[in-house]
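1 is the number of the first residue of the sequence shown in this note's numbering; add one for each residue after it. We put the CB at the ideal spot given by N, CA and C, even for glycine.
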Amino acid sequence: MFTDLIRRLTAPEPEKLPAPDARIALAALLVRVARSDGDYADVEIVQIDQSLMARYRMGPAQAAALRAQAETLEAEAPDTVRFTRAIKDAVEYDDRVAVIEAMWRVVMADGVRDDEEDSLMRMTASLLGVTDQDSHAARLRISAG
């Protein structure tokens with residue numbers, strides 16, 4: 001289903017993604033971090049949906065449908081390194097920082113910061129080209145809120 005999107009993301013020089021594809025790709029990162037500890041908890045799913053509703057100004061049914069597409073893409077996507085590097089080249093910096101913030105919300109949704117999640121967050125921020133300072137600031141905003 002997402003073969004064309006994955007092919008475009010992993011092309012030697014990926015082009016900027018159209019908005020619908022970027023939404024799915026970025027949502028897939030939220031799913032990937034939620035699944036990284038082996039426990040795709042309901043509270044994480046709710047947080048993903050809430051993040052999608054807020055980010056894209058959509059209702060609950062639309063967010064759930066986007067998340068379902070993202071779950072499929074995440075399962076089919078290549079390793080995190082190639083997938084994330086491709087997104088870096090195809091998505092604007094501010095959108096990538098916003099995704100890091102949303103990912104921190106998912107990580108903290110179940111009240112437990114797992115080693116696998118922390119490791120994935122460090123790697124993902126770096127691969128997305130998001131500075132350590134911006135990722136740290138995003139985590140602090142989430143922790144404070």
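For the alpha helix (DSSP H) that contains residue i, what are its first and last residues?
i	result
ALA41	From DSSP, ALA41 is part of no alpha helix (DSSP H); its letter is neither H nor E.
MET121	115 to 127
ALA137	132 to 144
ARG28	Checking the sequence shown, residue 28 turns out to be Ala, not Arg. 19 to 35 is the extent of the alpha helix (DSSP H) around ALA28.
Within a Cβ cutoff of 7 Å, which residues of the same chain sit near residue i, ignoring the five residues on either side of it in sequence?
i	result
ALA109	VAL43, GLU44 and GLN47
GLU101	ALA138, ARG141 and ILE142
ALA77	ILE6, ALA28 and PHE83
ASP114	ASP37
Quick one: is residue i buried, meaning 16 or more other Cβ sit within 10 Å of its Cβ, or exposed?
i	result
MET103	buried
LEU128	buried
SER51	buried
Once you ignore the five residues that flank residue i on each side, which residues in its own chain have a CB closer than 6 Å to its CB?
i	result
VAL91	ALA22
SER135	ILE100 and ALA125
Within its chain, find whatever has a CB closer than 8 Å to the CB of residue i; leave out the 5 residues flanking it on each side and keep chain order.
i	result
GLU95	Here the sequence assigns Asp to residue 95, which means Glu is not the residue at that position. Correct list, in chain order: ALA22 and LEU26.
MET58	LEU52 and LEU66
GLU117	VAL33, SER36, ASP37 and VAL107
Can you find at least 3 beta carbon pairs, one from the stretch 69 to 81 and one from the stretch 16 to 33, that sit closer than 8 Å? yes
Restricting to runs no shorter than 4 residues, where is the alpha helix (DSSP H) found entirely within the stretch 55 to 112? 60 to 76, 80 to 90 and 93 to 109
Looking at C-beta atoms only, is the number of pairs between the stretch 57 to 65 and the stretch 128 to 143 that lie closer than 8 Å three or more? no
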